[in-house]
Every structure is written in C-alpha cells, then in structure tokens.
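The letter at position 48 of the sequence shown is residue 30 when you use the working numbering, and the numbering goes up by one with no holes.
Glycine included, C-beta positions come from ideal geometry on N, C-alpha and C.
From a predicted model like this one, the values you see are computed outputs, not experimental measurements.
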Amino acid sequence: NYKFVSHSNIKRLISIIKLNNRVKINKITYLAKKISKTLDSNLIKSYIIYFPSKDLNKKDFTYIAIISSSHIVISSYSEDDSLYLDIDVAWCSDKIINPNDMAELLKETFGKDLRKILTIKIYDYLGNMMMAFSPDGMMIAEFSE
C-alpha cells in the first residue's frame, strides 16, 4: 500500500475546535478513520495517552494514529466550560482535504457538542498556507502555486 512520494507532496492540516466539556474517545477514533479514508490511506495503528488536566478529576489526552500516508495527532486541552481539540494531520500524497469538507466532517462527528471551529488551515511542504477556513464555515483563502 506504500508508494514513493516526493517531499513536495507532503501536506499538513492544522485545526482547533471548541467542544462542550467532554468528548468520547470513540468519536475521536471515528474522526481519524474518516480523515484517513478521505486521504485514501489506511489506519495502521492508533493509541491514546492520557494525562491530568487543569481539573484533576478529569483527564486530557493525545490520540496518535499512524496512517499509510503519515499520521494524525489529536490532543485535548480542558478549560472550565469547554474542551479544545488540536487536530494535526500530515500526509504524503496528491490528495487535498478541502477545509469546507473538513468542517462538515467535524460537524458530523461531534454534532451538538461542537461549539465552534476556530481554525482549519492547510499547508504545503514548505509551510506555506494553501487554504484557510473561517469560523463561520466559509473558505477565506485559497492559494495556488
């Protein structure tokens, strides 16, 4: 399932979302599987690391998934009234995740638990932003080479 790719095919998606206070890990796993499928990749291995949050009665986590085209890392950060998820996806292929499609996937995954999409940005291998997504759900920038 692996194939040679040029370093110029490397892309990265960074997203931060705000959720209601807790989220079930099965939703995180579902999101990773859907992202992997969107990238025509296979989810090879995943694991979760838990660590204490600001409120010691709760735990935050980092979910790490190895996919056939690279990796997905989702980390949680607890606040008093909400939970923030930092989503980092890197992949090596010609596939592009459209930020609007990513927003729809986040809405589908988290439903009413999703308070706000703070950012979705896609970068090329040089770190140049290719696409950006605004909190109201509209693509605000698309850059071409």
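Judging by CA-CA distance, which residue of the options is the nearest neighbour of residue i?
| i | options | result |
| --- | --- | --- |
| Asn81 | Met112, Ser28, Arg97 | Going by the sequence as given, residue 81 is Pro instead of Asn. Answer by Cα proximity: Met112. |
| Lys9 | Tyr105, Lys94, Ile102 | Lys94 |
| Cys4 | Leu65, Lys(-7), Trp73 | Just to set this straight, residue 4 is Arg in the shown sequence, not Cys. Per the Cα distances, Leu65. |
| Tyr130 | Leu38, Asn39, His53 | Past the edges of the chain, shown from -17 to 127, lies residue 130, and the structure says nothing about it. |
Below 8 Å on the Cβ atoms is my guess for residue i versus residue j; work out the distance and round it to an integer in Å.
| i | j | result |
| --- | --- | --- |
| Leu67 | Leu1 | 6 Å |
| Ile48 | Lys19 | 15 Å between Cβ atoms; not a contact. |
Who does residue i pair with in a DSSP beta bridge?
| i | result |
| --- | --- |
| Ala47 | Ser28, Ile54 |
| Leu1 | Leu65, Leu96 |
| Met84 | Note: Met84 sits in no beta bridge, so no partner. |
| Ser60 | Leu65 |
Could you check if residue i is buried or exposed, using at least 16 other CB atoms within 10 Å of its CB as the buried criterion?
| i | result |
| --- | --- |
| Ser(-12) | exposed |
| Ser(-3) | buried |
| Phe115 | buried |
Output the distance between the C-alpha atoms of residue i and residue j, rounded to the nearest integer angstrom.
| i | j | result |
| --- | --- | --- |
| Lys98 | Ile56 | 16 Å |
| Gly109 | Ser35 | 31 Å |
| Ser51 | Asp62 | 36 Å |
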